[in-house]
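Peer 1:
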Amino acid sequence: MKTIERIVEWLLWESRLIIIFAVISSVLAAFVLVGIGTYDILVVLKHIPHAFISAESFEKYHGEAITHIISAIDAYLISTVLLIFGLGLYELFISRIDYIEQETKSSRILEVHTLDQLKEKLAKVIIMVLIVTFFKHAVDLSYGDVKNLLFLSIGIALIAVSVYFMGKGHSIEENEKNLH
Numbered sequence: 011m012k013t014i015e016r017i018v019e020w021l022l023w024e025s026r027l028i029i030i031f032a033v034i035s036s037v038l039a040a041f042v043l044v045g046i047g048t049y050d051i052l053v054v055l056k057h058i059p060h061a062f063i064s065a066e067s068f069e070k071y072h073g074e075a076i077t078h079i080i081s082a083i084d085a086y087l088i089s090t091v092l093l094i095f096g097l098g099l100y101e102l103f104i105s106r107i108d109y110i111e112q113e114t115k116s117s118r119i120l121e122v123h124t125l126d127q128l129k130e131k132l133a134k135v136i137i138m139v140l141i142v143t144f145f146k147h148a149v150d151l152s153y154g155d156v157k158n159l160l161f162l163s164i165g166i167a168l169i170a171v172s173v174y175f176m177g178k179g180h181s182i183e184e185n186e187k188n189l190h
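Counting the sequence shown from 1 gives a position; the numbering used here is that position plus 10.
1. Using CA atoms only, rank isn't needed, just tell me which of 169, 96 and 65 is closest to residue 34.
2. With a threshold of 7 Å on Cβ separation, who are the neighbours of residue 88 within its own chain once the five nearest residues in sequence on each side are excluded?
3. Inspect the beta-carbon positions of residue 80 and residue 30 and report whether they are closer than 8 Å.
4. Excluding the 5 residues preceding and the 5 following residue 146 in the sequence, name in chain order all residues of the same chain whose CB lies nearer than 6 Å to its CB.
5. Could you spell out the range, first to last residue, of the alpha helix (DSSP H) harbouring residue 109?
6. With distance defined between alpha-carbon atoms, name the residue in 134, 108, 123 and 156 nearest to residue 175.
7. Would you report the Cα separation of residue 41 and residue 21, rounded to the nearest angstrom?
8. Does DSSP put residue 165 in a helix, in a strand, or in coil?
9. So residue 169 and residue 136 are supposed to be a Cβ contact under 8 Å. How far apart are they, rounded?
10. Can you give me the Cβ contacts of residue 83 inside the same chain, cut-off strictly under 6 Å, excluding the 5 residues immediately before and after it?
11. What does the Cβ neighbour count give for residue 49, buried or exposed, with the cut at 16 atoms within 10 Å?
12. Can you check which of these residues, 65, 23, 75 and 151, is closest to residue 102 by C-alpha distance?
13. In angstroms with no decimal places, state the Cα-to-Cα distance between residue 26 and residue 173.
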């Protein structure tokens, strides 16, 4: 009976390795989104020579360039979410990443030791994605109507409040670290 229990426990423990598929998929999706964002930027750069032919072509280019650049930022931020998610899952379920521990050149943003750290990092980047998505839609919105201006100002106020609370949470963490 003890042997069966040990085998079952070993199988349960090793089943965590199935998360490697989520890790690989997240990192691959991050690469895809970086490619999509880079393509959006290349589209903007490709059309620069035609933008200054006339005032009309510049206006058209300006609108399309802003849309493509915001879309690129959106893709880059979502790829960041996927990368943090994939690496966080790897560290939580598979193994610590030794390179992160040894890295001295960059920040430790990708270092995750608890599920709460992963959730916090993802939440911050997801809020940034939502802000960029809001901005992308706000650029395309027509402001001739008072109702649309009211919705825009409410949206901006909500974004400001969310950014304030994100910063407030970070400053509380820093104060707690300094006390210890």
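Glycine is no exception: its CB is placed at the ideal position from the N, C-alpha and C atoms.
Since the structure is predicted, the reported quantities are computational estimates derived from the model, not experimental observations.
Peer 2: The relevant details are as follows:
1. Here the question's residue 34 lines up with position 24 in the sequence shown. Per the Cα distances, 96.
2. Here residue 88 refers to the residue found at position 78 when the sequence shown is read from its first residue. Counting only Cβ-Cβ distances below 7 Å, and skipping sequence neighbours, we find 43 and 139.
3. Counted from its first residue, the sequence shown places residue 80 at position 70. Counted from its first residue, the sequence shown places residue 30 at position 20. Cβ distance not < 8 Å, so residue 80 and residue 30 don't count as in contact.
4. If you number the sequence shown from 1, residue 146 lands on position 136. Same-chain partners within the cutoff: 80.
5. Your numbering for residue 109 matches position 99 in the sequence shown. First-last of the alpha helix (DSSP H) with residue 109: 108-112.
6. Counting from one through the sequence shown, the residue named residue 175 turns up at place 165. The residue with the shortest Cα to Cα distance from residue 175 is 134.
7. Position 31 of the sequence shown, counting from 1, holds the residue named residue 41. Position 11 of the sequence shown, counting from 1, holds the residue named residue 21. Those two C-alpha atoms are separated by around 32 Å.
8. Locating residue 165 in the sequence shown gives position 155, counting from the first residue. Residue 165 falls in the helix class under three-state DSSP.
9. Within the sequence shown, numbered from 1, the residue matching residue 169 stands at position 159. Within the sequence shown, numbered from 1, the residue matching residue 136 stands at position 126. Residue 169 to residue 136, Cβ: 13 Å. No contact.
10. Here the question's residue 83 lines up with position 73 in the sequence shown. If we look at residue 83 and ignore the five residues flanking it on each side, its Cβ neighbours are 142.
11. Position 39 of the sequence shown, counting from 1, holds the residue named residue 49. Residue 49 should be labelled exposed.
12. The residue you call residue 102 lines up with position 92 of the sequence shown. Residue 102 has its Cα closest to that of 23, out of 65, 23, 75 and 151.
13. Within the sequence shown, numbered from 1, the residue matching residue 26 stands at position 16. Within the sequence shown, numbered from 1, the residue matching residue 173 stands at position 163. Residue 26 and residue 173: Cα-Cα distance of roughly 35 Å.
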